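Right, one structure below, let's go through it.
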Amino acid sequence: MVSVSRRSLIALGAALPLLGRLDWAVASPPLTETDKVLLNYNESPYGPSQAAREAMQQGIATSGRYPYKHMYALAALFAQQQGLSEEQVAVFSGSMAALRYAVLAFTSETRGLVMATPSYEVPRQAAESNKAPVREVDLNADHGHDIPAMLAADSNAGMLYLCNPNNPTGTITPIDAVRQALANKPKGSVLVVDEAYIDFADVPSVVSWVKDHDDLLVLRTFSKVYGMAGARLGLAIGHPTLLERLAVFGGDNVPAATTLLGGLASLEDVKLLPQRKALNQQLRDETVAWLKGRGFTCTASQANCFMIDVKQPAEQVVETLAAQGVLIGRVWKNWPQWVRVTVGNKREMARFREVFAQFDTTKQL
Ligand SMILES: Cc1ncc(COP(=O)(O)O)c(C=O)c1O
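Printed below as a string of structure tokens:
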């Protein structure tokens, strides 16, 4: 046992310098028979950038000290890049934590949550744990948030949650609709716009709006385009008084120094985001075109995931692909024939197409 694991470690060590020299974009190692293709969590197939990896390694040496210095540096750099002040940026161990705290802060037994369905379920779960009423509103015909219906859903809502681009569909809610939500939401409520996937999309962020609106909270994550899901780093952006209301629940939820330094290096690397965005778009759009050519409908995604109407109970398709080592999903209850697929690297998407070809409806006719 010991010698096997030591051998495999040596093999991994030998591969690292080579990977280091390769451009990250082409570094998709060949799949072996036993490799699982992980297209089921909207993670990045590339992981942290080379610069982030090096910064994280340096962070180990600073880990004897509390990481606040790095945290403030990260908030300051993000704020500077976005034209905000650093008091408008709060750093958390993942945006999921910030989202949960937002739900706990802005909803109650009398002030509910309004959100779309299908969408990211974390706010619903947090509201339920807070005994707050939850109104879920179907996406509209374009798979955007149905803002008029959301505004009408609960005149006493404490929080409206808007995921843009939306998880799981990857679809966009137009900026005018977001503006309409902010202008017309119930008095005393907060609009939370989750921009976890905005870096992949060709639409503007609403992050700058927090300068003029103390009832808007925007969430960002380093888990997606920056490939740091396992390092846990997310941001909440809003008026300082709004951020204080989150801090009550988890102001001590500070990421490790290694994570913060990796995040800083990711933000400093100005070429990284456009490169990864372009590659994701290319692989997503060619996969969607391939699926359409085989008779499937897909959501018009601008994220690193999309959904396919598989024209049968989607759980069956998930299981069939899983048995062949390709993990996709999840399936949302009210869209039982649709399945979410994360955009992986070039080889992973080739493998996905290889196994998904068995469902080709044009061949079955
Ligand atoms: C819409 C959305 N928000 C937040 C998160 C959580 O991100 P983090 O890893 O920063 O907690 C996810 C993760 O998949 C997500 O899809």
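The opening position of the sequence shown corresponds to residue 580 in this note's numbering, with each subsequent residue numbered one higher.
Ideal placement from N, C-alpha and C gives every residue a C-beta, glycine not left out.
These numbers come from a predicted model, not from an experiment.
I'd like to confirm something about residue i: is its beta-carbon nearer than 8 angstroms to some heavy atom of ligand 1, or not?
| i | result |
| --- | --- |
| residue 678 | yes |
| residue 808 | yes |
| residue 739 | no |
| residue 635 | no |
| residue 699 | yes |
| residue 801 | yes |
| residue 749 | no |
| residue 813 | yes |
| residue 746 | yes |
| residue 529 | Here the chain comprises residues numbered 580 to 944, so residue 529 is not present and cannot be evaluated. |
| residue 620 | yes |
Using three-state DSSP, classify residue i as helix, strand or coil.
| i | result |
| --- | --- |
| residue 931 | helix |
| residue 694 | strand |
| residue 947 | Any answer about residue 947 is impossible in this case: the structure gives the chain only from 580 up to 944. |
| residue 800 | strand |
| residue 666 | helix |
| residue 638 | helix |
| residue 807 | coil |
| residue 651 | helix |
| residue 822 | helix |
| residue 936 | helix |
| residue 847 | helix |
| residue 862 | helix |
| residue 899 | helix |
Kindly list the residues whose CB is nearer than 6 angstroms to the CB of residue i, restricted to its own chain and excluding five residues on each side of it in sequence; keep chain order.
| i | result |
| --- | --- |
| residue 752 | 723, 724, 743 |
| residue 756 | 726 |
Buried or exposed: where does residue i fall if 16 or more other Cβ atoms within 10 Å of its Cβ makes it buried?
| i | result |
| --- | --- |
| residue 681 | buried |
| residue 750 | buried |
| residue 834 | buried |
| residue 827 | exposed |
| residue 913 | exposed |
| residue 774 | buried |
Would you say residue i touches ligand 2, meaning its beta carbon is less than 8 angstroms from a heavy atom?
| i | result |
| --- | --- |
| residue 855 | Questions concerning ligand 2 fall outside what the structure shown contains, since the ligands it does hold are ligand 1. |
Excluding sequence positions up to five away, which residues of its chain have a Cβ less than 8 angstroms from the Cβ of residue i?
| i | result |
| --- | --- |
| residue 721 | 750, 879 |
Take residue i and list the residues in its own chain whose beta-carbon comes closer than 7 angstroms to its own, dropping the five residues that flank it on each side.
| i | result |
| --- | --- |
| residue 846 | 656, 657, 660 |
| residue 701 | 675, 678, 679 |
Answer yes if the region 765 to 776 comes into contact with the region 929 to 937, meaning at least three C-beta pairs across the two stretches below 8 angstroms, and no otherwise. With the cut-off at 8 angstroms, the region 929 to 937 and the region 765 to 776 do not touch.
Would you check if the region 836 to 853 and the region 793 to 805 touch, i.e. whether three or more CB-CB distances between them fall below 8 angstroms? Yes, the region 793 to 805 is in contact with the region 836 to 853.
Does the count of Cβ pairs from the region 649 to 664 and the region 677 to 695 closer than 8 angstroms reach three? Judged by Cβ distances under 8 angstroms, the region 649 to 664 makes no contact with the region 677 to 695, as fewer than three pairs qualify.
Sufficient close CB pairs (3 or more, under 8 angstroms) joining the region 787 to 803 to the region 699 to 708: Contact fails between the region 787 to 803 and the region 699 to 708, because fewer than three Cβ pairs, one in each stretch, are under 8 angstroms apart.
Using a Cβ distance threshold of 8 angstroms, determine whether the region 666 to 676 contacts the region 815 to 824, with at least three qualifying pairs required. Result yes; three or more Cβ-Cβ pairs closer than 8 angstroms.
Whether or not the region 867 to 877 and the region 896 to 914 are in contact is what I'm after, with contact meaning three or more pairs of Cβ atoms, one per stretch, closer than 8 angstroms; do they touch? By the Cβ rule, the region 896 to 914 does not count as touching the region 867 to 877, because fewer than three pairs are nearer than 8 angstroms.
Does the region 614 to 622 come into contact with the region 631 to 641, if we say contact requires no fewer than three beta-carbon pairs (one atom in each stretch) closer than 8 angstroms? The region 614 to 622 vs the region 631 to 641: no contact.
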